[in-house]
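**Student:** This is the structure I have questions about; it appears just below.
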Amino acid sequence: MIGCIVYVERKPSWFNDISHRINDKSTLLDKMIARFVIYRHYGIMIENNEIVQFNCPSILKPNLGVISQVPLSDFLKAGGIIEIDENVDVIFSKDEIIKRAKMLVGSDFNGYHLTKNNCEHFAIWCGTGERKMSQKARVTTYRNFYSVSSTLKSKIISVLV
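For my numbering, add 27 to where a residue sits in the sequence shown, where the first one is 1.
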């Protein structure tokens, strides 16, 4: 698994505790995403059960996005199973993928953007040299988020506020 593009699928928390998925920078929108949206968080598995990831503490604060090296437990965030993304045709060796990931630790990878420059773009870039995201993941994320009815959204907001 070392040198591979990996992900953990984040499932909706609904009305369960979300403290492991938010932080002091999280906005109401971030909390709604944690509660109701299915998405994948990507990274590169390196040695010593660590991951290099591109993470942003709030999608409304993209200037805070940074590439970091974290323990696998932080990447999983109290749940989920790490999986290898077998759908990416990598062109670099595993050692080169690790080197590319590590050289960007501490950088902002030219700024975080939810759909144009996120964790999946970073992980795929490490393996292929291209910044891209699978269309299916993008459509699934937005479909799940926007399919929550407006009635339910107003109830959710009243619970969260």
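Just so you know, even glycine gets a beta-carbon here, dropped at the ideal spot from N, CA and C.
Model, not experiment: these values are computed from the prediction.
If S85 and S53 are in contact, beta carbons under 8 Å, what's the gap, nearest whole angstrom?
**Tutor:** One-based indexing of the sequence shown puts residue 85 at position 58. One-based indexing of the sequence shown puts residue 53 at position 26. Yes, S85 and S53 are in contact; Cβ-Cβ is about 6 Å, under 8 Å.
**Student:** Under three-state DSSP, which class holds F42?
**Tutor:** As a first step, residue 42 is located in the sequence shown; it is residue number 15 there, counting from the start. In this structure, F42 counts as coil in the three-state DSSP scheme.
**Student:** From this set, G30, N75, A61, which residue's C-alpha is nearest D44's C-alpha?
**Tutor:** Start at 1 with the first residue of the sequence shown, and residue 44 comes out as number 17. That would be A61, whose Cα lies nearest to the Cα of D44.
**Student:** Identify whether R127 lies in helix, strand or coil by the three-state DSSP scheme.
**Tutor:** Indexing the sequence shown from 1 puts residue 127 at position 100. R127 falls in the helix class under three-state DSSP.
**Student:** Would you please state the rounded distance, in angstroms, between the beta carbons of R112 and G30? I believe it to be under 8 Å.
**Tutor:** If you number the sequence shown from 1, residue 112 lands on position 85. If you number the sequence shown from 1, residue 30 lands on position 3. Note that residue 112 corresponds to Asp in the displayed sequence, not to Arg. With a Cβ gap of about 13 Å, D112 and G30 do not count as contacting.
**Student:** Over what stretch of residues does the beta strand (DSSP E) that includes E37 continue unbroken?
**Tutor:** Position 10 of the sequence shown, counting from 1, holds the residue named residue 37. Position check: residue 37 holds Arg in this sequence, whereas Glu was assumed. R37 -> beta strand (DSSP E) spans 32 to 37.
**Student:** Could you have a look at E157 and say whether DSSP puts it in helix, strand or coil?
**Tutor:** If you number the sequence shown from 1, residue 157 lands on position 130. Here E157 sits in coil by DSSP.
**Student:** Quick one: is V117 near chain B, going by C-beta distance under 7 Å?
**Tutor:** Here there is only one protein chain, and chain B is not present.
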